[in-house]
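Asks: Here it is, the structure, as structure tokens.
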Amino acid sequence: NAGVMQNPRHLVRRRGQEARLRCSPMKGHSHVYWYRQLPEEGLKFMVYLQKENIIDESGMPKERFSAEFPKEGPSILRIQQVVRGDSAAYFCASSPPAGFNYGYTFGSGTRLTVV
Amino acid sequence: AQSVTQLGSHVSVSEGALVLLRCNYSSSVPPYLFWYVQYPNQGLQLLLKYTTGATLVKGINGFEAEFKKSETSFHLTKPSAHMSDAAEYFCAVRPYNYGQNFVFGPGTRLSVLP
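Protein chains in written order, with our numbering: chain A, 1 to 115; chain B, 1001 to 1114.
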């Protein structure tokens, strides 16, 4: 039973390009969460999704960032027109439907560097 | 809004010494409480969690934490530090309401000195 799979592990983009980060949840998990970790900081919540639904996007920047979790395939975090300040580690986590009293299972993260 | 504070962004202990990492939360209703560990360039791994029941919870790698409602605390301890314990430790809370996201503390970096 594979864990949460994120790819790529490392991503380098030039300013103005688009970044696409993928997350495949654990088998049986239908809830996906995206967090961002800036250097020397803790994790900040971005968005919570279920299949085909965004449940809570209160942590998402209003512009350039979007997320989806289609019926088939991985969850995608998309950052358009990246800027240097977007450089961070982006972590995906998943939980089962009744997972409110469980800890998340985290992926290993995607480290985005904007040059 | 929920918040989590971790006293000490960096803690150093000698190998074999007691490890104590502090976590306090602000909430009118005790939430679910978690400790995660992050090794360099890796994701977060769940160490232990408190949901209901016994307030002293044991986790992996010899760690344990005690929920103290009166102090709104959930401090993490380990009797004897090992070099392999050097990592970043995050305390997190999650409200009882299903579907709410986690709130993480800023993290404490633990260094273990030989």
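C-beta: ideal position from N, C-alpha, C; glycine also.
Considering only the beta carbon of each residue, do residue 33 of chain A and residue 49 of chain A sit closer than 9 Å?
Replies: In this structure, residue 49 of chain A lies closer than 9 Å to residue 33 of chain A by Cβ.
Asks: What distance in whole Å lies between the Cβ atoms of residue 37 of chain A and residue 122 of chain A, which are believed to be in contact at a cut-off of 8 Å?
Replies: The structure shown does not extend to residue 122 of chain A, since chain A spans only 1 to 115, so no value can be given for it.
Asks: Identify, in the order they occur along the chain, each residue of the same chain with its Cβ nearer than 6 Å to the Cβ of residue 89 of chain A, setting aside the five sequence neighbours on each side.
Replies: So the list reads 37, 109, 111, once near-sequence residues are dropped.
Asks: With a threshold of 6 Å on Cβ separation, who are the neighbours of residue 1103 of chain B within its own chain once the five nearest residues in sequence on each side are excluded?
Replies: Counting only Cβ-Cβ distances below 6 Å, and skipping sequence neighbours, we find 1002, 1004, 1093.
Asks: If you scan the segment 47 to 98 of chain A from start to end, which runs of the beta strand (DSSP E) of 3 or more residues do you find wholly inside it?
Replies: Complete beta strand (DSSP E) runs here, min 3: 53 to 56, 65 to 68, 75 to 79, 88 to 95.
Asks: Hey, would you say residue 1011 of chain B sits closer than 9 Å to residue 1108 of chain B, going by beta carbons?
Replies: In this structure, residue 1108 of chain B lies closer than 9 Å to residue 1011 of chain B by Cβ.
Asks: Pull up the distance between the alpha-carbon of residue 1054 of chain B and that of residue 13 of chain A, whole angstroms please.
Replies: Going from the Cα of residue 1054 of chain B to the Cα of residue 13 of chain A covers about 48 Å.
Asks: Residue 1061 of chain B: buried (16+ other C-beta within 10 angstroms of its C-beta) or exposed?
Replies: Exposed, because fewer than 16 other Cβ atoms sit within 10 Å of the Cβ of residue 1061 of chain B.
Asks: Take residue 53 of chain A as the anchor and find which of A/69, A/74, A/21 has the nearest alpha-carbon.
Replies: Residue A/69 is the option with its Cα nearest to residue 53 of chain A.
Asks: For residue 56 of chain A, decide whether its Cβ has a neighbour in chain B, counting only Cβ atoms nearer than 9 Å.
Replies: Yes, contact with chain B.
Asks: Just the Cα atoms here: how many angstroms apart are residue 71 of chain A and residue 1074 of chain B?
Replies: Going from the Cα of residue 71 of chain A to the Cα of residue 1074 of chain B covers about 38 Å.
Asks: Name the DSSP bridge partner or partners of residue 45 of chain A?
Replies: DSSP output for residue 45 of chain A lists A/35 as bridge partner(s).
Asks: When you compare only the Cα positions, how much space is there between residue 1040 of chain B and residue 39 of chain A?
Replies: Straight-line Cα distance between these residues: approximately 12 Å.
Asks: Pick from A/4, A/57, A/16: whose alpha carbon is nearest that of residue 113 of chain A?
Replies: Checking every option, the nearest Cα to that of residue 113 of chain A belongs to A/16.
Asks: To the nearest angstrom, how far is the alpha carbon of residue 94 of chain A from that of residue 56 of chain A?
Replies: Approximately 14 Å between the Cα atoms of the pair.
Asks: Residue 47 of chain A and residue 21 of chain A - do their beta-carbons sit closer together than 9 Å?
Replies: Not a contact, by the Cβ cut-off of 9 Å.
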